[in-house]
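Residue numbers (my numbering): 6 to 137.
Where a beta carbon is used, it is the ideal one built from N, C-alpha and C, also for glycine.
For reference, the structure is listed below as structure tokens.
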């Protein structure tokens, strides 16, 4: 069995709020923790603009994927958590920008709050590390 590899990107992502890491690689699978629109200092990016927040979330996920040797084309599943379900179409514009033609399996959930006040969107992802 391959040992787990835990990824932390302290130059790009803040220290985790709880007992977790940015991502775990296990047997070629990349499991990316729920990601908010935060900068490296932990400040929320995008204000009350869900599109700006979604863009930052996906930029953070992209950084984790790149660190793991993968890209959005390798993502097989995402879960999108929205504070306001009516923001789905707006967030979808950023998903299309980052995923391009790639279409992972997806779940969308409306939530009542996030751990960071002002957050509007959180996304987690599962990817398969490419066999190059």
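Residue i burial status per 10 Å Cβ neighbour count (16 or more: buried)
i	result
residue 113	exposed
residue 38	buried
residue 6	Any reading at residue 6 must be qualified, since the residue scores a pLDDT of 45, below 50, and its modelled position is unreliable; the value itself is stated next. Flag for residue 6 reads exposed.
residue 74	exposed
residue 66	buried
residue 27	buried
residue 96	buried
residue 22	exposed
Beta-carbon proximity check, residue i vs residue j, cutoff 8 Å
i	j	result
residue 110	residue 82	yes
residue 14	residue 64	no
residue 60	residue 107	no
residue 47	residue 58	no
residue 124	residue 70	no
residue 99	residue 29	no
Element boundaries [alpha helix (DSSP H), containing residue i]
i	result
residue 64	55–72
residue 82	Not the alpha helix (DSSP H): residue 82 falls in the beta strand (DSSP E), residues 80–87.
Those residues which DSSP pairs with residue i across a bridge
i	result
residue 35	30 and 132
residue 101	According to DSSP, residue 101 bridges with nothing at all.
residue 115	87
residue 125	Bridge partners of residue 125: none, in fact.
residue 43	49
Three-state secondary structure assigned by DSSP to residue i
i	result
residue 110	strand
residue 11	strand
residue 120	coil
residue 50	coil
residue 20	coil
residue 94	helix
Beta carbon proximity, residue i to chain C, threshold 8 Å
i	result
residue 13	Among the chains of the structure shown, chain C does not appear; only one protein chain is present.
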